[in-house]
Ligand code: NAD
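In the numbering used here, the protein residues as written are 11 to 458.
See below:
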C-alpha cells in the first residue's frame with residue numbers, strides 16, 4: 011500500500027449532502043468500485059483519515075502495519091481417533107495505547123487478511139471509546155457446527171498454548187467473537203493459568219461470572235448498539251417508539267441489540283441468522299424469538315412468529331433502522347442502493363464495504379460505524395479487566411450506567427468532529443482515533 015498523498019483538509023472536492031431527516035451535513039466520498047476485502051476497506055478509510063490529518067509518512071507507515079502476525083498450527087485428535095490440523099491466527103495491530111485487546115472467532119473462512127483488518131479496527135475502536143488498550147484479533151479456521159464440545163475444547167487449549175508468549179493480562183487480552191463464547195474464554199483462562207501456575211482471570215474478558223467475568227459484559231455490545239441507535243434517532247428526530255428496525259444476525263450482538271431496542275419501544279420488523287430471514291410487519295416478539303433460538307440449538311430455524319424472507323431481504327426491508335450484526339461485507343456497492351433505512355448502526359465489524367460508503371452518503375443515510383456503534387463490548391471488557399486487577403466487582407447498574415455514559419460521550423465527540431471536518435460519522439471516527447494514537451506515538455517516540 012503506497013504512502014498517501016498528503017493533502018490539506020479543504021483541498022478535497024466536496025459534495026455536501028444531508029441526512030434523510032436533519033443531522034449534520036457531510037462530505038461525499040470520491041471513492042469508486044470494488045473493495046470487498048475487509049483489509050482494503052479498512053485501509054481505504056485509514057488513508058482518507060490520514061490525508062485529513064496530514065499524517066507524516068513515518069507515522070502513517072507505523073500505524074498501517076500490524077506489529078505482530080502469528081500463524082499457528084493446531085493438531086487435534088478427533089473423537090474417532092483420527093488427527094486433524096487446524097490453522098489459527100493472532101494479529102496484534104498496535105500496542106501504543108496499552109495492552110492489545112480483541113476477540114477470537116472460529117469460522118471456516120477466517121483468514122489472515124480478515125484478522126489483520128479486525129485487529130486494526132480494534133485499535134481505532136479502543137481509541138474512539140477511550141480505553142487504554144491497543145488492538146488485536148484472533149481466529150481459528152474451523153467449522154464449529156461440525157465439531158463436538160470436546161473437539162472445540164482441544165482446539166481452544168492448543169491454540170492458547172501456542173500463543174502463551176503473546177497472551178497475558180499486560181500484553182494481549184482476548185475476548186469472544188463470532189462462534190466463541192464464555193465457555194471458550196473459560197478454557198483459555200484455565201489453560202493460561204495452568205502454564206503460569208496461578209489463576210489469572212485478567213488474561214481474557216467475556217468470562218463466566220464465577221471466573222471473574224463482569225456483570226453486563228454478555229449484553230454490553232448489544233446494549234451499546236442500542237445506545238448508539240437512540241443517539242442517531244435523536245439526531246434524525248425519530249422517536250424510538252415510532253421507529254421500525256431490521257436486525258441482521260441473531261447471535262450475541264444481534265439478539266441483544268434486538269431485545270434492547272424492543273425494550274425501548276422500537277418495532278423490530280425483521281431478524282435473521284444463518285438459517286434465513288424472518289419478517290413481521292406488525293413487529294416480532296423478540297422474547298419469543300430468543301426463547302425459540304435457545305431451545306433450538308441457538309438457531310431461528312422454524313421460528314413461527316414471522317414469515318420467511320431471504321437473508322439479503324433483511325437488509326433491504328422497509329424500516330427506519332438497519333442493524334447489521336452478523337459478519338463483514340454485507341452492505342456493498344451492489345446492494346447499498348436498495349437500502350431503505352435512514353439509519354444504519356453497525357453492530358458487526360466491517361459490515362459495509364468502503365465502496366458502499368459513497369452510495370449511502372449520497373442517499374443521505376446516516377451510518378454509525380462499527381468502531382463507534384459496537385464499542386460497548388470492549389468498553390465493558392475493559393471494566394472486566396479493571397475489576398480483575400482490583401479483585402473487586404461492580405454491580406450491574408453501575409456497569410450499565412458507565413457503559414451508557416461512555417457510548418453517549420463517544421457519539422457526541424464523533425458527531426461534533428464530523429461537523430468540524432464536514433465528513434461522515436465513519437470518517438470522523440477514524441480521524442479521532444488515528445489522531446489520538448498518532449499523538450501518543452509522537453510523545454512516546456521510537457525506541458531504537
Ligand atoms: P455470534 O457467533 O454470536 O453470532 C453471529 C450471528 O450471525 C449468528 O446468529 C449467525 O447465525 C449469524 N449469521 C452469520 N452469517 C449470516 C448471514 N449471512 N446472514 C444473517 N445472519 C448470519 O457472533 P457475535 O459475537 O454476535 O458477533 C457478530 C458480529 O459482531 C461480528 O462481526 C463480530 O466481530 C461483531 N462484534 C462482536 C462483539 C462481541 O462482544 N461479541 C463485539 C463487537 C463486535
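The beta-carbon is built from N, C-alpha and C at its ideal position, and this holds for glycine as well.
1. How about residue 265 and residue 300: do their beta carbons lie closer than 7 Å?
2. By Cβ distance, which residues of its chain are closer than 7 Å to residue 267, with the 5 residues on each side in sequence left out?
3. Less than 7 Å between the C-beta atoms of residue 148 and residue 179, yes or no?
4. Please give the ranges of any beta strand (DSSP E) in the segment 188-273, keeping only runs that are unbroken, at least 3 residues long and fully inside the region.
5. With a threshold of 16 other CB atoms inside 10 Å of the CB of residue 419, please say whether the residue is buried or exposed.
6. Quick check on this structure: which residue in 284, 343, 393, 279 has the alpha carbon closest to the alpha carbon of residue 328?
7. Inspect the beta-carbon positions of residue 170 and residue 141 and report whether they are closer than 7 Å.
8. Mind checking which residues open and close the alpha helix (DSSP H) that includes residue 291?
9. Using C-beta distances below 8 Å, list every residue in its chain close to residue 286, excluding the 5 sequence neighbours before and after it, in chain order.
10. Quick check on residue 292: buried or exposed, where buried means 16 or more other Cβ atoms within 10 Å of its Cβ?
11. Could you check the C-alpha separation between residue 353 and residue 146 for me, to the nearest Å?
12. How is the alpha helix (DSSP H) around residue 433 delimited, first residue to last?
13. Figure out for me which residue from 227, 340, 338 has the closest Cα to the Cα of residue 396.
14. For residue 272, which option in 249, 246, 282, 297 has the closest C-alpha, if you only look at C-alpha atoms?
15. Got a sec, what are the start and stop residues for the beta strand (DSSP E) residue 100 sits in?
16. What separation, rounded to the nearest whole angstrom, lies between the Cα atoms of residue 34 and residue 54?
17. Going by the CB atoms, is the gap between residue 448 and residue 69 shorter than 7 Å?
18. Please find out if some non-hydrogen atom of the ligand NAD comes closer than 6 Å to the beta-carbon of residue 282.
19. Distance, Cα to Cα, residue 429 vs residue 275?
20. Residue 376 by DSSP, collapsed to three states: which one?
21. Between residue 381 and residue 458, is the Cβ-Cβ spacing less than 7 Å?
22. Let's test the definition: count the other Cβ atoms within 10 Å of the Cβ of residue 186 and tell me whether it reaches 16, buried, or not, exposed.
23. Within its chain, find whatever has a CB closer than 6 Å to the CB of residue 194; leave out the 5 residues flanking it on each side and keep chain order.
24. In angstroms, rounded to a whole number, what distance separates the CA positions of residue 281 and residue 323?
25. With distances taken between CB atoms, is the gap from residue 436 to residue 388 smaller than 7 Å?
26. Between residue 336 and the ligand NAD, is there a pair consisting of the residue's CB and a ligand heavy atom that are separated by less than 6 Å?
27. Does any residue of chain B bring its CB to less than 7 Å from the CB of residue 188?
28. Would residue 129 and residue 112 be called neighbours here (beta carbons separated by less than 7 Å)?
29. Let me confirm a value: residue 400 is counted as buried when at least 16 other C-beta atoms fall within 10 Å, else exposed. Which label applies?
30. Please name the residue or residues paired with residue 178 in a DSSP beta bridge.
31. Write down every uninterrupted run of the beta strand (DSSP E) in the segment 268-343 whose length is 3 residues or greater and which is fully enclosed by it, in chain order.
32. Per the contact definition of three or more C-beta pairs closer than 8 Å, is the segment 406-425 in contact with the segment 113-132?
33. DSSP three-state label for residue 152, please.
34. Who does residue 87 pair with in a DSSP beta bridge?
35. Per DSSP, what kind of secondary structure is residue 82 in: helix, strand or coil?
36. Roughly how many angstroms separate the alpha carbons of residue 137 and residue 350, rounded to a whole number?
According to the structure shown:
1. yes
2. 232, 235, 236, 257, 333, 335, 357
3. no
4. 254-258
5. exposed
6. 279
7. no
8. It is not in any alpha helix (DSSP H) - residue 291 carries neither H nor E in the DSSP assignment.
9. 310, 311, 318, 319, 320, 321
10. exposed
11. 29 Å
12. Premise fails: residue 433 is in no alpha helix (DSSP H) and is neither H nor E.
13. 227
14. 297
15. 93-104
16. Since pLDDT at residue 34 reaches only 32, below the 50 mark, its modelled position is unreliable, and the value read off the structure follows with that caveat. Spanning the two alpha carbons is a distance of roughly 23 Å.
17. yes
18. yes
19. 30 Å
20. strand
21. no
22. buried
23. 166
24. 10 Å
25. no
26. yes
27. Structure shown: chain B not included; a single protein chain is present.
28. yes
29. exposed
30. 182
31. 277-283, 286-289, 317-319, 331-334
32. no
33. coil
34. 93
35. strand
36. 31 Å
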